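Using the numbering used here, the first residue of the sequence shown is number 822, and each one after it goes up by one.
Worksheet for the structure shown next.
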Amino acid sequence: MHANGTTRQLKVLYLAAEAYPLIKVGGLGDVAGSLPRAVRAVAHQETELPIDIDICLVLPFHGSIQRHGRSLRRLASYNLALPGGSLPVEVRETRLDEVPVYLLSGAPISQEAPVYSDDAGVDSYKYTYFSLAALELTRALAWTPDVVHANDWHTALALYAMRRGEEATFACSAGLLGVHNLPYMGDGSGAALRAFGLPPADDERLPRWARSTPLPLGLLAADHIVTVSPQYAREILTPEYGAGLDGFLAGRKDSIHGILNGIDTRQWNPASDIALAANYTAETLERRAANKATLLDEFGLQEGERLPLLAVVSRLEAQKGIDLLPPALEALAGEAWQLILLGSGSHELEEAMRQFAGRFPERARAALRFDSGLSRRLYAGADMLLLPSRYEPCGLSQMIAMRYGCLPVARAVGGLRDTIHDVHGSTGTGFLFAEATPQDFASAIRRALDAYQDAALWESMQRNAMAQDFSWERSAKEYIHLYLHASKEAKQKRRGSP
Ligand code: GLC
């Protein structure tokens, strides 16, 4: 937050539960760690932009950030008023490149609790407090945002609170809600809402069950809704993917946008990734073989002539369709393939993967853990990445895999469908399938296994995949245009001027 005397500034308050590298649990952490920095960088490069963009990121001061031992300046403290009392909030400041980051702490943000706990009560209280405290921060610093960009259920209530009847401070601020995963809505937050004085919505458009649930309240209050891929923006309007809100969302269709996430192309670069046995580019693809050989050796798997190595790098949960893997590969038991699976998550799926690998002791391995070094070695050494997601708002690993020349075999949903081009002649960057069934999945894997036997085709597909532009710059430009549009519209609407 800084003033600039000459250029007009658009102030953007970006709210998230996590942001890499300060704290990362899932894909939201990657996005919140990259997008604000990219917005700032692009805004400073683009000379034709009518305005300078001052974006800042606000995060809860989670215990794990604190234990990381960053030296953080205490910036301010203030009180958050609530029915029958108030709660103190402390603010610390750090930076991610040029982007100011404000870390909020207070009693509901327990130092012992993980970022997301299994206890809906704990999380709803923490994130309701955080959402309201983040809005209050702008008042404490006398910095009224032009745009408040909240993300997922954790911060959706900031938008709802902004639009409460008596709230005048934010009358001309636009509210944007980023949707990274619609079914996670913050269920069980009723008590927290009451404790913080947020009444249920009385809007008939929302289904009754959704009127005291954070994500739907944010979707109701937001001026614009942004999903993390264009395809997911269409899918959430259907009963299959709408999580019970498809009817409501269809009524908000004109305010829903899909902007594809990027990946951090500095962090994910096979030419410089220090985790790899051998670095390579699209021009030196032959060096990739050393990465595969190292992996096979590490996992005690035999090398073979054009024997494809399949990889899974995934959280093990229903969304990811991992349960389709054993029946699909069992149907392909007569084909030549090897598999290394890396992932952790639900107990049942971990057990199922352990058993599955046990049935193919000579060619399948399951590493049931989180291991970022191994994930990099898999992208760089495996031939194919399997992604049978039931739904996928965007997905980052297919973009990383393609950048590393590992071709995705994926379900044609959400961001997977937007980023992967199914093979067609010698063009294409991967293999897609339509239905979440073992049969459809197996037939896409079979197509990939066949294509792999044509070395020239495979290499040209790898080059196509590696040449895609998945940088954040492209997304950041789209967000900047939306910020400008939303801010102008909010000011016109609320001031009543044309
Ligand atoms: C969620 C979604 C994933 C998306 C990520 C970042 O984790 O499941 O598809 O890539 O958010 O937006």
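All C-beta atoms in this analysis are idealised placements derived from N, C-alpha and C, irrespective of residue type, glycine included.
From a predicted model like this one, the values you see are computed outputs, not experimental measurements.
Quick one: using the 10 Å Cβ neighbour count with 16 as the cut-off for buried, is residue i buried or exposed?
i     : result
F1252 : buried
Y946  : buried
P1319 : Residue placement at P1319 cannot be trusted, given a pLDDT of 44 that sits under 50; what the coordinates show is reported in the next sentence. By the 10 Å Cβ count, P1319 comes out exposed.
E839  : buried
D1024 : exposed
R829  : exposed
I886  : buried
N825  : Its pLDDT being 45, under 50, N825 is placed unreliably by the model, and nothing is read from it.
Q1159 : buried
D940  : exposed
E869  : exposed
I1095 : exposed
A963  : exposed
P1035 : buried
S994  : buried
T1059 : exposed
G1236 : buried
Quick one: is the Cβ of residue i within less than 7 Å of any heavy atom of the ligand GLC?
i     : result
N1002 : yes
L925  : no
C993  : no
E1126 : no
N1100 : no
V852  : yes
L1217 : yes
G942  : no
L1036 : no
V1049 : yes
G847  : yes
P1129 : no
E1104 : no
E933  : no
E1213 : yes
G1236 : yes
How far does the alpha helix (DSSP H) with residue i in it reach, from first residue to last?
i     : result
G885  : Inspection of the sequence shows that residue 885 is occupied by Ser rather than by Gly. Its alpha helix (DSSP H) spans residues 884 to 888.
N972  : Careful: N972 lies outside any alpha helix (DSSP H), inside the beta strand (DSSP E) at 968 to 972.
T1105 : Where T1105 is concerned, there is no enclosing alpha helix (DSSP H), given that its DSSP letter is neither H nor E.
P1147 : 1146 to 1152
T959  : 941 to 961
D875  : Looking at the DSSP string, D875 is not in any alpha helix (DSSP H); the run it does join, the beta strand (DSSP E), is 873 to 881.
P1037 : 1035 to 1042
Q830  : Element bounds for Q830: not the alpha helix (DSSP H) but the beta strand (DSSP E), 830 to 836.
I1084 : Where I1084 is concerned, there is no enclosing alpha helix (DSSP H), given that its DSSP letter is neither H nor E.
I789  : No statement about residue 789 is possible, as the shown extent of the chain runs from 822 to 1319 and does not include it.
As a quick exercise: from the options, pick the residue whose alpha carbon is nearest that of residue i.
i     : options                   : result
A1012 : C993, R1032, G1039        : R1032
Q1260 : D1144, N1002, L978, D851  : D1144
R1238 : G1226, E1256, V936        : E1256
S1210 : Q1140, G1164, L1278       : Q1140
P1091 : L1278, I1221, V1234       : I1221
A1263 : S1247, W964, T1250, R1232 : R1232
L1278 : H1245, R1295, A1188       : H1245
G1202 : A1286, A1110, C1215       : A1110
P929  : Q1313, T965, L901         : L901
L1208 : G1079, A1149, F1181       : A1149
L1081 : F882, I1241, R894         : I1241
P1004 : F991, E988, L1040, A992   : L1040
R984  : A1022, G1007, L1027       : A1022
H1078 : P1028, I1084, H1001       : H1001
N1320 : S1193, L1106, E1171       : Limits of the chain in this structure are 822 at one end and 1319 at the other, which puts residue 1320 out of reach.
A1099 : L856, D1243, H865, L1199  : L1199
T959  : S1135, P935, V922         : V922
T965  : E867, L831, P1028         : L831
E1310 : G1249, W1089, S1076       : S1076
P904  : A1016, S931, A982         : A1016
Contact check, residue i vs residue j under 8 Å by CB: the rounded distance?
i     : j     : result
A955  : L1117 : Actually they are not in contact, since the Cβ atoms of A955 and L1117 sit about 48 Å apart, beyond 8 Å.
L1195 : A1185 : Rounded, the Cβ-Cβ distance is 16 Å, inconsistent with contact.
L1130 : D1204 : 5 Å
R894  : R913  : 6 Å
P1214 : V1047 : At roughly 11 Å, the Cβ-Cβ gap does not stay under 8 Å, so P1214 and V1047 are not in contact.
Go to residue i, then tell me how far its beta strand (DSSP E) extends in each direction, as first and last residue.
i     : result
A1233 : Taken as a continuous stretch (DSSP letters only), A1233 belongs to no beta strand (DSSP E), as it is neither H nor E.
Y899  : 894 to 903
G1166 : 1159 to 1166
S994  : Per DSSP, S994 belongs to no beta strand (DSSP E) and is neither H nor E.
F1252 : 1252 to 1254
S1135 : 1130 to 1137
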